[in-house]
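Colleague: With full-length UniProt numbering, letter number 74 in the sequence shown gets 74, and the count goes up by one each step, no holes.
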Amino acid sequence: MKIFLGDKLVDEKDAVVSVFDHGLLYGDGVFEGIRAYNGRVFLLDEHIERLYDSAQAIALKIPMTRKQMKQAVVDTCKANEISDGYIRLVVTRGKGTLGLNPYLCDKAEVIIIAAKIQLYPQELYDNGLKIVTVGTIRNHPEAINPRIKSLNYLNNVIAKIEAINAGCMECLMLNHKGEVAEASGDNIFAVKNGVITTPPSTCGALEGLTRNKVMELAREAGYEMREAPMARYDLYVADEVFLTGTAAEIISVVDVDKREIGGGKPGEITRKLAELYHQAARSEGTPIE
Ligand SMILES: Cc1ncc(COP(=O)(O)O)c(CNc2cccc(C(=O)O)c2)c1O
C-alpha cells in the first residue's frame, strides 16, 4: 500500500510519524473520512473545504493549497488502484516537544490513506439499528465545537463505549441543553407525517456532508426538509429515523431507547433517500485518473 506522508507517496513500511507528533500526544489535528465510488472521489471539494475550515478553527496552517490537497487525495487513490474505497485524510500539528505549546511544532504533518472499504454488514441496512441515549453529552460548542472535525474523538469514543456496553452498535448523544445532537459518528434524521427533520449543526453536531447531500436530494425529490432542534420525544414518536455518514451512508434506526420506530423495520422514505444517494454517489465526484 502507498501512503501519502508529508509531501510524497511512500511505501506503507516507511509511513511512520514521530512519537513527538502532537496528533498522537494531544489529539491536536484535524481529519476527513472520504469515499470513492466507481472510480470517483465523492464530495471531494466539500470534504477539503471542511478540512481547511476545521484547521482554521484550531489555528492550524496546512502546508498545502486546497488544489494540492485534492490532487494528493486523487494521486493516493490512483497509486493504490482504488475505485471503490475509503480515504482517511489526517493533518496533525506535527512534531513538537512533550509540552502542549503548538507553536513549538515544526510543521503540520499530512497523512492520506486510501484503502478498500470495510462495509457495514448488509443485515444492518436490511433490519435497521437499535440506538440508546448515552449519558456522555456532545462537547459544548464553546469547549471543542463539534463542527470541527478534529482528532479529538474521545467524546465520541466514550459515547460508543456506552452504546456497546448497553448492547447497541450506535448511540444518541444529546447536547448540553438536552437536545438531540447526533450519533457518535453519524448525523440523525427523523420523518413524521412525510416531513423530514434533522438538527442544525449548531445543536452540537458535525455538519455532515452526507447529511447535507441527503437534505439536497430530499428537497429535489419534493420532500419537506427541515432543520430544527429536536428532543428525544421527536425521535420516539417518529414514523422513521435514520443516520447518515460517509462510512455508513444511510442506515435506518428501528429502536430508540426501547421505543420501536416504524413497526421495527426500515421506512419507505429512508429507503428512497438511500437509493437517490447511491445513484448520486456512483455518478458524481472527482475522477481518479
Ligand atoms: C461526529 C460525526 N458526526 C457525523 C459524521 C458524518 O459526517 P459525514 O457525512 O461528513 O461523514 C461523522 C463522520 N463519520 C465518521 C468519522 C470517522 C469515523 C467514523 C466511523 O464510523 O468509524 C465515522 C462524525 O464523525
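Every residue, glycine too, gets a C-beta built ideally from N, C-alpha and C.
(1) Have a look at Pro199, Ile131 and Phe242 and flag the residue whose alpha-carbon is nearest the alpha-carbon of Gly267.
(2) If you follow the alpha helix (DSSP H) that Met64 is part of, which residue opens it and which one closes it?
(3) Going by DSSP in three states, Ile164 sits in which element: helix, strand or coil?
(4) Going by DSSP in three states, Asp257 sits in which element: helix, strand or coil?
(5) Distance check for Lys177 and Glu142, CA to CA, integer angstroms please.
(6) Where does Tyr125 land, buried or exposed, given buried means 16+ other C-beta within 10 angstroms?
(7) Cβ of Tyr223 within 8 angstroms of Cβ of Ile251?
(8) Check the C-beta distance from Leu174 over to Ile131 and give it rounded, since I have them as a contact under 8 angstroms.
(9) So what's Asp11 in DSSP terms, helix, strand or just coil?
(10) As an exercise, report each continuous alpha helix (DSSP H) stretch of at least 4 residues that is fully enclosed by the segment 106 to 138, in chain order.
(11) Excluding five sequence neighbours on each side, which residues of the same chain lie with their C-beta closer than 6 angstroms to the C-beta of Gly27?
(12) Look up Ile87 in the DSSP assignment and say whether it is helix, strand or coil.
(13) Which residue from Thr92, Arg93 and Lys78 puts its Cα closest to that of Tyr86?
(14) Spatial neighbours of Gly6 within its chain, please: C-beta separation below 7 angstroms, excluding the five flanking residues on both sides.
(15) Is Leu25 closer than 8 angstroms to Thr76 when the C-beta atoms are compared?
(16) Are the beta-carbon atoms belonging to Asn129 and Val237 less than 8 angstroms from one another?
(17) Find the nearest neighbour of Val19 within the set Ser83, Asn155, Gly99 and Ile261, judged by alpha-carbon distance.
(18) Among Gly33, Asn187 and His47, which has the Cα closest to the Cα of Cys203?
(19) Give every residue of the same chain whose Cβ lies closer than 7 angstroms to the Cβ of His47, excluding the five residues on either side of it in the sequence, and list them in chain order.
(20) So for Thr286, helix, strand or coil by DSSP?
(21) Below 7 angstroms CB to CB, which residues in the same chain sit around Leu273 once its five sequence neighbours on both sides are set aside?
(22) Heavy atom of ligand 1 less than 7 angstroms from the Cβ of Arg232, yes or no?
(23) So the candidates are Pro146, Asp11, Ile58 and Thr198; which of them puts its Cα closest to the Cα of Ala231?
(24) With DSSP as the reference, label Gly263 as helix, strand or coil.
(25) Does DSSP put Arg147 in a helix, a strand or coil?
(26) Is any non-hydrogen atom of ligand 1 found closer than 7 angstroms to the C-beta of Gly285, if you look at the structure I gave you?
(27) Please classify residue 294 as buried or exposed, where buried requires at least 16 other C-beta atoms within 10 Å of its C-beta.
(28) Measure how close the beta-carbons of Val30 and Ile58 come, nearest whole angstrom, since I'm counting them as under 8 angstroms.
(29) Could you check if Glu182 belongs to the surroundings of ligand 1, using beta carbon to heavy atom distance under 7 angstroms?
(30) Is the CB-CB distance between Val191 and Asp257 below 8 angstroms?
(31) For Tyr277, which option in Met169, Ala159 and Tyr37 has the closest C-alpha, if you only look at C-alpha atoms?
Modeller: Based on what the coordinates show:
(1) Cα-wise, what sits closest to Gly267 is Phe242.
(2) In this chain, Met64 is not harboured by any alpha helix (DSSP H), its DSSP state being neither H nor E.
(3) It is helical.
(4) In this structure, Asp257 counts as coil in the three-state DSSP scheme.
(5) 13 angstroms
(6) buried
(7) no
(8) That belief does not hold up - the Cβ atoms of Leu174 and Ile131 are roughly 12 angstroms apart, past 8 angstroms.
(9) strand
(10) 122 to 127
(11) Leu151 and Asn152
(12) The three-state reading of DSSP puts Ile87 in strand, counting E and B together.
(13) Lys78
(14) Glu109 and Val110
(15) no
(16) Note that residue 129 is Leu in the sequence shown here, rather than Asn. It is not a contact, given that the beta carbons lie outside the stated cut-off.
(17) Gly99
(18) A check of alpha carbon separations from Cys203 across Gly33, Asn187 and His47 identifies Asn187 as the nearest.
(19) Glu32, Ile34 and Leu209
(20) strand
(21) Val214, Leu217, Ala218 and Ile250
(22) no
(23) Measuring from the Cα of Ala231, the nearest candidate turns out to be Thr198.
(24) helix
(25) coil
(26) no
(27) This structure gives no information on residue 294, because the portion of the chain shown stretches from 1 to 289.
(28) Contact flag correct, Cβ pair sits at about 7 angstroms.
(29) Yes, the Cβ of Glu182 comes within 7 angstroms of a heavy atom of ligand 1.
(30) no
(31) Comparing Cα-Cα distances from Tyr277 to each of Met169, Ala159 and Tyr37, the minimum goes to Tyr37.
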